[in-house]
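Take a look at the structure set out below.
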Amino acid sequence: IMSVDAHWYSTLFAWYTGASWFVSMICLTILILIYLKSKGYYQNVSIEHLHDLGKFLFAFSIFWTYLWFSQYMLIWYGNVGEETIYFRERVDNYPALFYLNLIINFVAPFFILMRNDTKRKIGSLAFTAGLVLFGHWLDFFLMLKPGILHTAHAALGHGHGHGDEHHGEGAGHGADAAHEAGHEGGHEIAEATAHHGGEALSTFEMGFSMPGILEVGTFIGFLCLFLFFVFNTLAKASLVPENDPYLDESNHHHT
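To convert, note that position 118 of the sequence shown is 104 in my numbering; the numbers rise steadily by one, no gaps.
Structure below.
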C-alpha cells in the first residue's frame, strides 16, 4: 500500500504506517500490562521490564519521526505538484492537527521518556503510552479525512453538473431559462461545497478539521471490541509460560 488518496502515492507510506502501528502496539502492551499488574496478575513483571518497554516506546517514536521527516523532506525538496498536494492540503486546511500530530507523537514522548526515571515510573509511563496511542489515532485521521472529503465534494459537484445537463436536454426555451438559473444555483452549491471542503477546514469544525462524535465513537467501539477479545483470550490461557527456557532469566531480569 502506497497511498489512501486517489491521486497521490509514496513509496515510504507503507513503512510510515507500519511504524505507526508498531508504536501503537507497544503503547497498548504497556497499558494492558500495567492494568493486569494492578489487578494482581504478572507479579513477576518488575520495573525493569517496564523500563525496557519504555525504551522501546522511546526508540520507535523516534523511528516513526525519522520516516515522517524522510517522506516530508523529500517531497518538499522535490517540489513536484503531484506530490506536494498531500502535505499542502493538510498544512493549509488542517494546521492544528498537522502540528499537534508531531507534538504528541514525537516531542512529548521524546522529552518525557528521555530520562530514565520517567521510564521506571508507572504513572508517567502509562500517561505517555496513552497519549502516544491517542496521537497515532489522530495521525490516521489526518491520513484519511482530507482525501475522503475531497472525493466526496468532487462527486457532489459532478452530480450537480450532470443533473443540470440532463435537465436542459428535455426543456424548451422557457425551460432553458429555468435551466440556466438552476445551473447557476448548482454552481453556487458546488462552490460553497468546495469552499466548505477547503478554506472552511482551517477552522476548528468537529468532524471535518477535528475528529467529531462519529470518529471518537468508532475509535472507542473498536478499542472496546479489541480489549474484549484480548481479555477473553487471556482468560482461557496461562498468563505465565511455565516451560519457557527463558522464564527464569526473565524473573531475574535487571537493567
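Even glycine gets a Cβ: it sits at the ideal position worked out from N, Cα and C. Remember, predicted model here, so these are calculated numbers, not experimental data.
Does DSSP put residue i in a helix, in a strand, or in coil?
i        : result
Met59    : helix
Met249   : The displayed coordinates of the chain run from -13 to 241. Any statement about residue 249 would go beyond what the structure contains.
Ser32    : coil
Arg74    : helix
Ala94    : helix
Pro132   : helix
His122   : helix
Ser224   : coil
Trp(-6)  : coil
His37    : helix
Ser(-11) : coil
Pro231   : coil
Leu99    : coil
Lys23    : helix
Asn218   : helix
Tyr80    : coil
Leaving out five residues on either side along the sequence, give the residues of the same chain with a beta carbon under 7 angstroms from the beta carbon of residue i.
i        : result
Gly133   : Val(-10), Asp(-9), Ala(-8)
Glu75    : Pro132
Phe92    : Ser47, Thr51
Ile(-13) : Phe(-1), Ala0
Phe8     : Phe46
Roughly how many whole angstroms lie between the Cα atoms of residue i and residue j?
i       : j      : result
Thr15   : Glu201 : 23 angstroms
Leu135  : Phe127 : 12 angstroms
Leu99   : Ile71  : 34 angstroms
Asn87   : Tyr80  : 11 angstroms
Phe42   : Thr219 : 25 angstroms
Gly183  : Ile199 : Its pLDDT being 43, under 50, Gly183 is placed unreliably by the model, and the measurement read from it follows with that caveat. In a straight line, the C-alpha of Gly183 is about 19 angstroms away from that of Ile199.
Lys25   : Met59  : 46 angstroms
Asp234  : Leu39  : 19 angstroms
Tyr232  : Ala223 : 19 angstroms
His239  : Ala45  : 20 angstroms
His173  : Gly67  : With a pLDDT of only 41 at His173, under 50, the local geometry of the prediction cannot be trusted, and the value read off the model is given with reservation. Each residue's alpha carbon lies about 26 angstroms from the other.
Tyr(-6) : Phe55  : Checking the sequence shown, residue -6 turns out to be Trp, not Tyr. One C-alpha to the other measures close to 18 angstroms.
Pro227  : Gly64  : 52 angstroms
Met129  : Phe97  : 25 angstroms
Tyr85   : Phe208 : 26 angstroms
Arg101  : Ile206 : 31 angstroms
Would you say residue i and residue j are within 7 angstroms of each other, going by their C-beta atoms?
i      : j      : result
Thr34  : Thr204 : The sequence shown places Glu at residue 34, not Thr. No, Cβ-Cβ distance for Glu34 and Thr204 is not below 7 angstroms.
Ser6   : Asp125 : yes
Leu111 : Leu36  : yes
Gly115 : Leu17  : Reading the sequence as shown, one finds Ala at residue 115 and not Gly. Yes, the Cβ-Cβ distance between Ala115 and Leu17 is below 7 angstroms.
Cys210 : Val118 : no
Ile20  : Ile108 : yes
Asn30  : Asn229 : no
Leu225 : Tyr27  : yes
Ser10  : His122 : yes
Sorted by chain position, which residues of the same chain lie with C-beta nearer than 8 angstroms to residue i's C-beta, five sequence neighbours on each side aside?
i      : result
Gln244 : Nothing can be reported for residue 244, as the shown portion of the chain is limited to -13 through 241.
His62  : Position check: residue 62 holds Trp in this sequence, whereas His was assumed. So the qualifying residues of the chain are Thr70, Phe73.
Ala94  : Thr114, Leu117, Val118, Gly121
Leu53  : Leu(-2), Trp1, Tyr2, Ala5
Val216 : Ile18
Arg106 : Ile33, Leu36, His37, Gly40
For residue i, collect the residues of the same chain with a Cβ closer than 6 angstroms to its Cβ; drop the 5 residues on either side in sequence, then sort them by chain order.
i      : result
Phe49  : Ala5
Asp78  : none
Pro197 : Phe127
Ala242 : As shown, the chain starts at -13 and ends at 241. That puts residue 242 outside it, with no answer to give.
Looking at the ligand FAD, does it come within less than 6 angstroms of residue i, judged from the CB to the closest heavy atom?
i      : result
His240 : The ligand content of the structure shown is nil, which means the ligand FAD is not present either.
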